[in-house]
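Note sheet for the following structure.
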Amino acid sequence: MSGGHPPPAQPGLHKFRKLNMRIFAKVPNINFMAQRKTGLWVSSLLSVGVLLLLLFRSLNFGIDFTGGVLVEVVYPQTVELDAVRQDLGAGGYANAIVQYFGGSNDVLIRLAPEDKSNSAAISSKVLQALGAEQKGVQLRRIEFVGPQVGDELTVNGSLAMLFAFIGIALYIMFRFEWKFAVGAIAALIHDALMVLGFLSLFQVEFDLTTLAAILALIGYSNNETIVIFDRVRENLINQRKGTIYEVVNLSVNQTLLRSVITHVTTLLVCTALYLLGGPSVHSFAISMIVGVIVATYSSIYVSTGLAIVLGVSREDLLPPKEKEIDEMP
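Just so we're on the same page, this note's numbering is the position in the sequence shown counted from 1, plus 633.
As structure tokens, this is what we get:
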């Protein structure tokens with residue numbers, strides 16, 4: 634038995650590896666930067682529109698931020714929301730917010746906070762107003778959040794987003810260059826604004842899970858931007874003849890396959906979470922779905938496009954030359 638010769642390679646494995654090399658060796662040639670100005674203008678107009686929407690329509694803040702009482706009741710059969718509102722109005726809860734929660738017999742009721750009432754007293758009043766004994770209404774859960782807790786959550790959530798933006802900006806400035814940092818932060822703010830605009834437009838409830846989705850989206854979008862920036866820096870240093878537009882186009886095309894795979898798998902997970910995770914995670918899942926779609930666009934046109942507008946060049950990324958020391962006396 635000879636130990637100097639390696640075992641023969643399997644033909645099927647060799648063909649599979651060769652096929653993979655052909656697939657991943659093909660780099661698309663899409664001229665993304667040809668539409669960079671249009672992309673920046675569209676993003677700017679959409680951002681202004683979202684700010685106006687948030688100013689005049691606001692968000693549908695959940696009980697986590699507004700404070701109040703959340704009561705979930707279950708009817709033995711399908712019930713109309715107008716009938717539930719009439720019963721609550723007759724019982725002294727005219728301003729109650731009523732909506733379905735899952736099925737047409739599962740109803741979620743949001744009430745304004747009451748200073749001197751406990752959960753047991755409020756649940757008894759609500760069930761009495763709904764005629765629970767006659768209609769067979771059952772109490773599933775009741776949650777109480779004071780207005781002070783809601784204010785603290787609002788402040789802490791805003792600070793969390795602010796610190797996230799500052800930390801990301803400092804990291805990118807340290808790793809790349811300040812022009813890249815401005816582009817990355819602009820893309821992150823753009824993504825967060827687009828998600829908030831969607832939530833405001835369709836009045837999706839904004840609670841702690843939604844805030845967690847936006848913070849997760851910031852990290853996700855930043856990771857996508859870093860991948861493109863890293864390839865841009867590498868190509869700017871290695872390819873001396875190409876213009877900045879050609880280098881950025883090449884970098885985006887080189888990372889395109891990776892981006893498509895990442896976005897599609899993330900969307901599949903978020904869609905499954907939305908369809909199968911239950912109503913309690915709907916706001917999280919829909920925020921992530923919208924955010925992933927927007928991040929796909931912003932990582933190409935907002936972050937890199939703004940860096941080009943700011944005049945990023947090859948010289949910004951080259952290491953500084955050491956000054957020659959004259960040893961002659």
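All C-beta atoms in this analysis are idealised placements derived from N, C-alpha and C, irrespective of residue type, glycine included.
Quick caveat: nothing in here was measured; it's all calculated off a predicted structure.
Which word fits residue i, buried or exposed, when buried means at least 16 other C-beta atoms lie within 10 angstroms of its C-beta?
| i | result |
| --- | --- |
| V660 | exposed |
| T858 | buried |
| V885 | buried |
| L685 | exposed |
| E838 | buried |
| I976 | The requested residue 976 is not part of the displayed model; the chain covers only 634 to 962. |
| G695 | buried |
| A918 | buried |
| V788 | exposed |
| A745 | exposed |
Do residue i and residue j have their C-beta atoms within less than 9 angstroms of each other?
| i | j | result |
| --- | --- | --- |
| G924 | Y853 | yes |
| K768 | Y726 | no |
| A820 | V935 | yes |
| G830 | G682 | yes |
| A802 | I818 | yes |
| V815 | L939 | yes |
| L834 | R690 | yes |
| R947 | I870 | yes |
| L832 | S913 | no |
| S680 | L795 | no |
| N693 | Q836 | yes |
| V778 | G700 | yes |
Note down the Cα distance separating residue i from residue j, rounded to an integer number of angstroms.
| i | j | result |
| --- | --- | --- |
| G722 | S920 | 33 angstroms |
| I775 | S932 | 42 angstroms |
| I822 | K812 | 16 angstroms |
| I968 | L901 | An answer regarding residue 968 cannot be provided, because it is not within the stretch 634 to 962 covered by the chain. |
| L889 | E785 | 42 angstroms |
| L841 | D697 | 7 angstroms |
| F657 | Y804 | Residue confidence is low: F657 scores 46 on pLDDT, short of 50, so the model does not pin down where it sits. Its coordinate-derived value is still stated next. Cα-Cα distance, rounded: 30 angstroms. |
| V702 | R864 | 51 angstroms |
| L883 | R891 | 14 angstroms |
| N662 | L850 | 28 angstroms |
| L714 | S737 | 9 angstroms |
| T899 | Q887 | 20 angstroms |
| N728 | V828 | 28 angstroms |
| L844 | G790 | 7 angstroms |
| R669 | I941 | 9 angstroms |
| S677 | Q872 | 32 angstroms |
| S757 | I922 | 39 angstroms |
| W674 | Q710 | 52 angstroms |
| M666 | N856 | 21 angstroms |
| F734 | A716 | 16 angstroms |
| L943 | F862 | 15 angstroms |
| L688 | E766 | 44 angstroms |
| G911 | H896 | 23 angstroms |
| A974 | T904 | Residue numbering for the chain in the displayed model covers 634 to 962; residue 974 lies beyond these limits and cannot be assessed. |
| V770 | Y930 | 48 angstroms |
| N868 | A928 | 23 angstroms |
| N751 | M806 | 51 angstroms |
Rounded to the nearest angstrom, how far is the Cβ of residue i from that of residue j, given a contact under 8 angstroms?
| i | j | result |
| --- | --- | --- |
| R773 | V860 | Going by Cβ atoms, the distance from R773 to V860 rounds to 45 angstroms, so no, they are not a contact pair. |
| F809 | R866 | 6 angstroms |
| G764 | D720 | 6 angstroms |
| T996 | V881 | Residue 996 cannot be examined here, being either before or after the span of the chain that is shown, 634 to 962. |
| G724 | A762 | 2 angstroms |
| V704 | R718 | About 14 angstroms; that fails the 8 angstroms criterion. |
| V759 | V740 | Going by Cβ atoms, the distance from V759 to V740 rounds to 11 angstroms, so no, they are not a contact pair. |
Please confirm if residue i has its CB atom under 9 angstroms from at least one CB of chain D.
| i | result |
| --- | --- |
| T858 | Chain labels in this structure do not include chain D; a single protein chain is all it has. |
At a cut-off of 8 angstroms, is residue i close to the ligand FAD when judged by its beta-carbon and the heavy atoms of the ligand?
| i | result |
| --- | --- |
| N789 | Absence of the ligand FAD is noted for the structure shown, with no ligands found whatsoever. |
Q: Please specify which runs of the beta strand (DSSP E), each continuous and at least 3 residues long, are wholly inside the segment 719-745, giving them in chain order.
A: Taking only runs of at least 3 residues, the beta strand (DSSP E) segments lying wholly in the segment 719-745 are 730-734, 736-744.
Q.
What ranges does the beta strand (DSSP E) occupy inside the segment 749-829, keeping only unbroken runs of at least 3 residues that lie completely in it?
A. Within the segment 749-829, the complete beta strand (DSSP E) runs of at least 3 residues fall at 771-778.
**Q.** 4-residue-minimum alpha helix (DSSP H) runs that sit fully inside the segment 911-947, ordered along the chain
**A.** The qualifying runs are 915-934, 936-942.
Q | Residue ranges of each alpha helix (DSSP H) within the segment 880-911, 4 or longer | A | Complete alpha helix (DSSP H) runs here, min 4: 889-909.
Q. Where are the alpha helix (DSSP H) runs, 4 residues long or more, that stay fully inside the segment 665-714, in chain order?
A. The segment 665-714 contains these whole alpha helix (DSSP H) runs: 669-689, 696-699.
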